[in-house]
Amino acid sequence: MIAIKNLHKTYNPEKPNAFHALKGVSAEIADGELVAVIGKSGAGKSTLLHILGCIDSFEEGSFSLDGTETAQLNDKELSHLRNEKIGIVLQDFALIEEQSAIENVMVPLYFAKKKLPMAKRRELAKEALEKVGIGELAEKEVNKLSGGQKQRVAIARAIVNHPSLLLADEPTGALDTGTAEEIMALLTQLNAEGTTVVIVTHDPTVASKCRRIITISDGLILHDETSAVQ
Amino acid sequence: MYWKLGYQSFLRRLTLHILLLLQLACAVFLLNVMCAGVNGRSELYNPLKPYLTAKGVYFGKHNGYPVTEEEIRRTLTSVDEVISVREAVFRSNDIDWRIVVYDDSLAKRLSPEMEEGVWFTHAPKEEGIVNVVALQNNSDYKVGDIIEGTSMFPKEGTSGNTEMKFRITGIMKTGEYYPTFQQGGIAESVRDLYAEHTNLNPSGIPMLFSSASFLENDVVLTPGMQVLVTFHDDISKEDYDANLETLGSIGYYTTNEEMNAKCLKYINAEVKVLMPIIFCLLLVTAVGLLSSGAISTLRQLKTYGIYFICGCRWKDCIKIAMANTLIILAGSVLVAACALAISYSTGWMASASLILGWNNLLYTALLLAFTFAVSVIVPFVLLHKRTPVDILRNDD
Chain A
5 MIAIKNLHKT
15 YNPEKPNAFH
25 ALKGVSAEIA
35 DGELVAVIGK
45 SGAGKSTLLH
55 ILGCIDSFEE
65 GSFSLDGTET
75 AQLNDKELSH
85 LRNEKIGIVL
95 QDFALIEEQS
105 AIENVMVPLY
115 FAKKKLPMAK
125 RRELAKEALE
135 KVGIGELAEK
145 EVNKLSGGQK
155 QRVAIARAIV
165 NHPSLLLADE
175 PTGALDTGTA
185 EEIMALLTQL
195 NAEGTTVVIV
205 THDPTVASKC
215 RRIITISDGL
225 ILHDETSAVQ
Chain B
172 MYWKLGYQSF
182 LRRLTLHILL
192 LLQLACAVFL
202 LNVMCAGVNG
212 RSELYNPLKP
222 YLTAKGVYFG
232 KHNGYPVTEE
242 EIRRTLTSVD
252 EVISVREAVF
262 RSNDIDWRIV
272 VYDDSLAKRL
282 SPEMEEGVWF
292 THAPKEEGIV
302 NVVALQNNSD
312 YKVGDIIEGT
322 SMFPKEGTSG
332 NTEMKFRITG
342 IMKTGEYYPT
352 FQQGGIAESV
362 RDLYAEHTNL
372 NPSGIPMLFS
382 SASFLENDVV
392 LTPGMQVLVT
402 FHDDISKEDY
412 DANLETLGSI
422 GYYTTNEEMN
432 AKCLKYINAE
442 VKVLMPIIFC
452 LLLVTAVGLL
462 SSGAISTLRQ
472 LKTYGIYFIC
482 GCRWKDCIKI
492 AMANTLIILA
502 GSVLVAACAL
512 AISYSTGWMA
522 SASLILGWNN
532 LLYTALLLAF
542 TFAVSVIVPF
552 VLLHKRTPVD
562 ILRNDD
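Residue numbers (this note's numbering), protein chains in the order written: chain A, 5 to 234; chain B, 172 to 567.
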């Protein structure tokens, strides 16, 4: 499903503060895997996740998703790929605070290739909220929700288009232990239903919930281990 | 989609956007009032412009006696045109009607607004029937009506009082202006050469308007007190000065050159008053839009980042910013249009001689185009300089 080969990414190339974030990363992630990408701060985890999410580019190597070589796609095609096949969850939730939960979840539906009537969009968004366990909070403004509820809204938004790949960058980083466990349980459940989930984290507890752990250090994959975790 | 998201952006900072909208609406309203003022004043000037831009005079005698074309041509040299407003009177059903008679040259240039029908020069002519326009408060008559009457001053050589038929081709709207040339030889502005239709003329006699060529074969037209004279372009300075000296000895005059200068000053008077106000308002609005554009875009950057990860192209976020701006512009036009409509329907525009024309649309469009361009500069620059990864990383 995901194939990355010799990925290189440098920030501010040809400038004095150039930073080589990825130095030739290669990996393959099959459909339905639950993968944790761990490493210290600055190791290149988020950079890798951004490239997998098609929100950042790379200057060398290749990245293909479901057989599509992303380097050959234009801006519009990449946008459609992000919209249809990839869901992204961030540490700070990345929600529009003044809007309701359901309005936040509907955002990807605005950019879908197939335009749906408003009623259908609301229906799909409501379903996604119910799937993550907060259907009753649909009309509540996001700024009135707890951290755990906000992250559930973010996950609902990420899955509303039924993507095959869900990327989560430190999804529990801003949450307390109890809430973090709930969120991890939700992500695990989504994975069990067939979605490929890749979680970037520096928390070993979170990583331990994943069957496969890729350790990144200084822009390179140090370890890539699959365990027998269920 | 962009409209929906732009509208959501508009609602998120509603107070600020409403303030900007009202500011811009004031600028649009004032600009249209200024244009309408120029139009209104030009409306009176334009029919007389060909005469006022030629060498000549507006003249009336000392003793207040009528001035005839024959007299002018006999007394002066190198005379091109003599434009006057004359009168005819006829009686119908024991009512005396006064007809204001314009020389054809002037009649064709006039186009006061009609409540119904058309100006008499625009109506088809029928043999034996004189086309006329009535005032709105000659309410017993309608467009198409034919008034039969007897001329009070038939031409010499005709047998007795001349029976005449007049067809009403139009009813002049209340508030319109028509030339009368009743002002004495010294006129301060073109408006002095007109009267406003507000009610029946002061003597109570119902009025009609028509063209000299329709009537002068059959009736004697009473000459007016003042005339507008033009000289040939090639009149020598000596002849011109001699003409002025002659006229000065028998009456009062204003040269067309002076009159034209006064007219242009009158037309542009409102521009001079309003332009600085509009300029300041625009400056404040532009600064407001730039600042609000900057603040709004900076606050919106995270939202644009969210849109990006959900499948929007980064450069399409500028379309959302544009949609937000267009909503403000549309709102301001709506508010200004309502204010103009209220001004029109309450009669304020007519009383202030304000006339809306095509130039109102043109200048409003230019103003809005300028405002739009200013509004999108900052979002464009900010979105160009930042990437979604920068924004998402900064928020991590």
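Glycine included, C-beta positions come from ideal geometry on N, C-alpha and C. Treat the numbers as computed from the prediction; the structure is a model and nothing was measured.
{"Asked": "Every unbroken alpha helix (DSSP H) inside the segment 189 to 269 of chain B [4 residues or more]", "Found": "220 to 223 and 240 to 246"}
{"Asked": "Identity of the residue in B:Asn210, B:Ala358, B:Val260 and B:Leu399 nearest B:Ala521 by Cα", "Found": "B:Asn210"}
{"Asked": "Assigned exposure category for A:Gln234 - 16 Cβ within 10 Å defines buried", "Found": "Below a pLDDT of 50, predicted positions are generally treated as unreliable, and A:Gln234, at 49, falls in that range; the measurement from the model is reported next regardless. Exposed, by the Cβ-count rule."}
{"Asked": "Length of the line joining the Cα atoms of B:Ala540 and B:Val458", "Found": "16 angstroms"}
{"Asked": "Cβ-based burial, A:Pro121 [other Cβ within 10 Å; buried from 16]", "Found": "exposed"}
{"Asked": "Below-7 angstroms beta-carbon distance, A:Thr219 vs any chain B residue", "Found": "no"}
{"Asked": "7 angstroms Cβ cutoff met for A:Gln155 and A:Phe97", "Found": "yes"}
{"Asked": "Rounded separation between A:Leu113 and B:Leu453 - CA only", "Found": "39 angstroms"}
{"Asked": "Alpha-carbon to alpha-carbon, B:Tyr216 and B:Asp363", "Found": "11 angstroms"}
{"Asked": "Bridge partners - A:Ile90, DSSP secondary structure assignment", "Found": "A:Leu169"}
{"Asked": "Contact belief for A:Val164 with A:Ala196 at Cβ below 8 angstroms, rounded distance in angstroms", "Found": "Between A:Ala196 and A:Val164 the Cβ distance is about 19 angstroms, and since that is not below 8 angstroms, they are no contact."}
{"Asked": "C-alpha distance - A:Ser68 paired with B:Arg183, whole-angstrom precision", "Found": "39 angstroms"}
{"Asked": "Against chain B: residues of the segment 33 to 58 of chain A by CB proximity under 8 angstroms", "Found": "Ser50, His54 and Gly57"}
{"Asked": "C-beta contact flag for B:Ile300 and B:Asp316 at 7 angstroms", "Found": "no"}
{"Asked": "Start-to-end residues for the beta strand (DSSP E) that takes in B:Val400", "Found": "Gln397 to Phe402"}
{"Asked": "For B:Tyr437: DSSP bridge partner residues", "Found": "B:Tyr437 is not bridged to any residue."}
{"Asked": "Chain B contact for A:Asp60 (CB, 7 angstroms cutoff)", "Found": "yes"}
{"Asked": "Any C-beta of chain B under 7 angstroms from that of A:Phe97", "Found": "no"}
{"Asked": "Minimum C-alpha distance to B:Ile548 - residue among B:Ser467, B:Tyr515, B:Leu533 and B:Ser180", "Found": "B:Ser467"}
{"Asked": "Start-to-end residues for the beta strand (DSSP E) that takes in A:Gly28", "Found": "Phe23 to Ile33"}
{"Asked": "Distance between beta carbons of A:Thr176 and A:Met188, contact taken as under 8 angstroms", "Found": "6 angstroms"}
{"Asked": "Cutoff 7 angstroms: A:Ile6 Cβ touching any chain B Cβ", "Found": "no"}
{"Asked": "Cβ neighbours of B:Asp566 in the same chain (closer than 8 angstroms, five flanking residues each side left out)", "Found": "Low local confidence applies: a pLDDT of 49 at B:Asp566 is under 50, so the model's placement there is unreliable, and no value is given."}
{"Asked": "Chain A within 7 angstroms of B:Asp566, Cβ atoms only", "Found": "Low per-residue confidence applies at B:Asp566: pLDDT is 49, beneath 50, and the placement is therefore not dependable, though the value from the model is reported in the following sentence. So yes, B:Asp566 belongs to the interface."}
{"Asked": "Any chain B beta carbon closer than 7 angstroms to A:Phe23", "Found": "no"}
{"Asked": "Three-state class that DSSP yields for B:Val303 in the structure shown", "Found": "strand"}
{"Asked": "Outcome for A:Ser212 when other beta-carbon atoms lying within 10 angstroms are tallied against a minimum of 16", "Found": "exposed"}
{"Asked": "Contact set between A:Phe115 and chain C, taken where Cβ atoms lie within less than 8 angstroms", "Found": "Structure shown: chain C not included; protein chains present are A and B."}
{"Asked": "Which listed residue (B:Asp404, B:Met335 and B:Pro283) has its alpha carbon closest to that of B:Gly346", "Found": "B:Pro283"}
{"Asked": "Alpha carbon of B:Ile498 to alpha carbon of A:Val111, nearest angstrom", "Found": "20 angstroms"}
{"Asked": "Range of the contiguous beta strand (DSSP E) that encloses A:Arg156", "Found": "Not the beta strand (DSSP E): A:Arg156 falls in the alpha helix (DSSP H), residues Gly151 to Ile163."}
{"Asked": "Helix, strand or coil at B:Ser463 [DSSP, three-state]", "Found": "helix"}
{"Asked": "Outcome for B:Val303 when other beta-carbon atoms lying within 10 angstroms are tallied against a minimum of 16", "Found": "buried"}
{"Asked": "With 16 other Cβ atoms within 10 Å as the buried cut-off, status of B:Trp519", "Found": "exposed"}
{"Asked": "Status (buried if at least 16 other CB within 10 Å, exposed otherwise) for B:Tyr424", "Found": "buried"}
{"Asked": "Cα-Cα separation between A:Lys118 and B:Leu281, rounded to whole angstroms", "Found": "59 angstroms"}
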